[in-house]
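So the structure is just underneath, and the comments pick up after that.
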Amino acid sequence: MAVRRRDQRLMMIAAAGAVLVLAAVLTFAGLRDSVVFFVAPSELATKAEAGQRIRLGGLVVEGTLRHEADGVVFFNVTDGAAEVQVRYVGLLPDLFREGQGVVAEGRWQPGAAFEAERVLAKHDETYMPREVAEALKDRGEWRGTETP
Amino acid sequence: MIAEIGAFAMALALALSIAQGLMGLIASRRDSRAEATAATAQATAVLCVLAFICLIIVFVRSDFSVATVTANSHIDKPLIYKIAGAWGNHEGSMLLWCLVSAVFGAILATARGQQSVGLWSRAVGVQGLVTAGALIYTLFLSNPFARLDPAPMQGSGLNPLLQDPALAAHPPLLYLGYVGLSVPFSLALAALLEGKADQAWARALRPWTLLAWTCLTLGIALGSYWAYYELGWGGWWFWDPVENASFMPWLVAAALVHSAIVTERRGSLASWTILLAIMGFGLALLGTFLVRSGVLTSVHAFAVDPQRGIAVLVLLGIALGAGFGLYAWRAPKLSQPTGFAAVSRESMLVWNNFGLAVAAAVVLIGTLYPLLVEALGGGLISVGPPFFNATVAPLLAVLFLILPLGPMLTWRIGDLKGALKKLAPAAALALVTLIVALVLTSWRAVPAIGLALGVWLIAGGLIYLWTRIQRGEGRMAAKLALLPLAVWSMSVAHIGAGVLTIGAVAETGFRVEQSVGLTPGEGVAFAGRRVTLIEVGETEGPNYSATRANFRVDSASGAHTISAERRFYPTSPMPTTEVGILSSLDGDIYIALGESVRSEAGAWSVRLYYNPLVHLIFLGAAMMGLGGGLSLVSLARRRKMAA
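Shown next as structure tokens:
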């Protein structure tokens, strides 16, 4: 009985180890594959590979928002140094506005518009996505009063 | 004047809660002193209630000389949202945190049960220090009663997205859950200080873990439901840092609910239960930190203030430092666990705990990884849904695979073959589901496995219920009446997990979405139905104006009309989306109205979603919450019978 008890304990520890290894493998594979880098428009050419999933952040350029038929939307995003056209199929978030901060998640090919799959604007009209603020500060374009 | 009374009550409550902490911890052996501690705890709670009432009064009276009211309220706001506005902002919600912590402390002090004087008084003491920490933070870093001079004539209003019944109840429920986890934390620290964690201790712990878990379940479900119908994105869960912040304590609370059962019934796993209680409260504080500090970019946004974030981090450090320090020092002295076999109720609950804890750890890694990478100079990154779906889902799948076995096994040594034989029909049903789903979806493995697991959980839960009913004697009605409430609660919660799984898998795997530009009179074929835009017009609400579009949905079951709106609140520069939802048995047709299309006169951009079985998500979550509630009632009944 004593031997069997030990065998059982070993089996449990082995099974627990297997689950832990599975979790660790999934975690590291997931972090390698599904991490999305944040890129400012002027960094697109240098930092992003074509077809790679990235987050593009900046300010929506005034007067560039265009609604096409079938729900296609175009707008330009700038960090002060460069401007990139974004193409998005779907409804823009309620808080999306020209002249304000936005984060577009999607893929980019050289020579084409940035294909956004998700567009994030913020619930709070005074709020600026932190990445956008950092990018604007790097460019010297930051006009906010407080450091986020 | 009212605001000053509120602030004064808070200051007094702070002094009393510190006294409660010191008296509870130092003078723990003597009955008379312990009673004085209890009285102090009750007085602290009364003062916090008074402060909270004062806050509601200044909100109802729209007293714009109070900064919080000006920032978050407006004269034209409906009364119910004036009241809800009291806790719908940072300062007010922190006062709510203090209130709940103090009231829980008073309940803990009043309901001593069978605990020893030392354990009881120390738990009340630790809870007093938790309340004191929250009060210090609220009073000095986010005082809801701070005055404005001169007072403005009008407030800036509550964010219109937040003027919603589900969202009025969402923060208080989450806070009941978060702060509810502070009581197990206090009990755990008291047990470590006493060097004793026996079955009576676990009996005192169980209702609190259940209460916290139930409130977290309902709070998260309400938040998810609100996101679904209010944000207009068609989704119900986004793996956003703020959502993860509530999901991690939920996972740990679920583990704690189960490990506390083992400790109460069998006396084992005591030190693991203590560790979970410490981690649960730690994650609740971490959640508050993530939400309030704004260190992570979130689809939710709150007014953020780095100083406040750091203060929460300091409180988190103190709580976790004290908790883990005491644990390392005292836990080895706790009594050794009694043994159990590899196949037994205990071992299954150990697996449950293991799976939930690993899942919580994975969510934690994914949530904090961007901070780590940034700190190491690796640039700004985000970890999104693909990561969490690929890691959490397989772990939960393993957990769900063994879940129905647990209740079928007896304590100490279980009969695996017998349990499997009884569960065979459930396994067969799940297998059939798997094959049918694979064929119908042309071999999409992930949703098929998910649906099969859901069926396995539901059928397994029903079989357990049936075997327990069969154990009774007499006619069916008599058997049903004899069935313990604990059996019902466990079955309802586990079946609810299966229902939620099916809904989540169906919605995630088979959702259809389409963007179209429609002119009035124009229709489009969508998800086996025809959606036609009838008309678009302007309309007025109580405190907003709106563009309203009416749609007709023609399906096999007939024609229905639904409308979607874009609302403009004069107090806010942002329009909000009111989606139109047509629910039927197989799922929701969900329509969000966009803006007018510039390139095509009279056309509107419209986003259509078909969300299959989405209501099962919320039904499943409600069942889990109901299971938790029933379990609480059952514990209360047992306590009454024991007394």
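For the record, the sequence lines run as chains P and L.
Quick note, in this note's numbering, the first sequence goes up one by one and the last residue is 148.
Quick note, in this note's numbering, the second sequence goes up one by one and the last residue is 1643.
Glycine included, every Cβ here is placed at the ideal spot set by N, Cα and C.
The structure presented is a predicted model; accordingly, all values stated were derived computationally and were not measured.
Between ASP70/P and chain L, the shortest Cβ-Cβ separation is below 8 Å. In the same chain as ALA1430/L, and ignoring 5 residues on each side of it, the C-beta atoms closer than 8 Å to its own belong to ALA1452, LEU1453, VAL1455, TRP1456, ALA1459, in chain order. Beta bridge pairing from DSSP links LEU1582/L with ILE1589/L. With a minimum length of 4 residues, the unbroken runs of alpha helix (DSSP H) contained wholly in the region 1033-1113 of chain L fall at 1067-1072, 1079-1085, 1090-1110.
Under the three-state reduction of DSSP output, GLN1020/L falls in the helix class. Taking 8 Å as the threshold, the shortest C-beta distance from SER1271/L to chain P does not fall below it.
One thing to note: LEU1174/L has its Cβ within 8 Å of the Cβ of LEU1216/L. When only Cα atoms are considered, TRP108/P and LEU1313/L end up about 38 Å apart. Judged by DSSP in its simplified three-state form, ASN1143/L adopts coil rather than helix or strand. In this structure, the alpha-carbon of GLN1020/L lies about 18 Å from that of PHE1008/L. Taking C-beta atoms as the reference points, GLU1513/L and TYR1609/L count as a pair closer than 8 Å.
Remark: C-beta atoms of PHE1289/L and GLY1309/L approach each other more closely than 8 Å.
Apart from sequence neighbours up to five positions away, the residues of its chain that approach ASP1586/L with a beta-carbon distance below 8 Å are PRO1612, LEU1613, ordered along the chain. For PRO1394/L, at least one C-beta of chain P is nearer than 8 Å to its own C-beta. Secondary structure note for THR78/P: it is in no alpha helix (DSSP H), and the uninterrupted beta strand (DSSP E) holding it is 72-78. Taking the beta carbon of ALA113/P as reference, no residue of chain L falls within 9 Å; the closest one sits roughly 16 Å away. LEU1376/L sits exposed, since fewer than 16 C-beta atoms from the chains shown fall within 10 Å of its C-beta. Rounded to the nearest angstrom, the gap between the Cα atoms of ILE1083/L and ILE1075/L is 12 Å.
Residue range 1604-1612 is occupied by the beta strand (DSSP E) that includes TYR1610/L, with no alpha helix (DSSP H) assigned at that position.
DSSP links VAL86/P through a beta bridge to PHE75/P, PHE114/P. Along the region 73-88 of chain P, there is no position whose C-beta sits under 7 Å from a C-beta of chain L.
Inside the region 1379-1435 of chain L, DSSP marks whole alpha helix (DSSP H) runs of 4 or more residues at positions 1385-1402, 1405-1408, from first to last along the chain. Secondary structure of SER1224/L (DSSP, three-state): helix. If you compare the alpha carbons of PHE1551/L, ALA1146/L, SER1017/L, LEU1438/L with that of ASP1063/L, the shortest gap goes to ALA1146/L.
Here ASP1554/L carries a strand assignment [DSSP, helix/strand/coil]. In this structure, the CA atom of ALA1188/L is about 39 Å from the CA atom of GLN1163/L. Cα atoms of GLU1535/L and THR1519/L: separation of roughly 8 Å, rounded to the nearest angstrom. Chain order gives the chain L residues near THR27/P as VAL1362, ILE1365, THR1391, where near means a beta carbon separation below 7 Å.
Exposure of VAL1439/L is indicated by the presence of fewer than 16 other C-beta atoms within 10 angstroms of its C-beta. Residue ranges of uninterrupted alpha helix (DSSP H) with 4 or more members, entirely inside the region 1297-1376 of chain L and ordered along the chain, are 1306-1330, 1345-1375. Using a CB distance below 8 Å, no part of the region 1439-1451 of chain L faces chain P. Annotation for GLN1514/L: the continuous beta strand (DSSP E) segment containing it runs 1512-1518.
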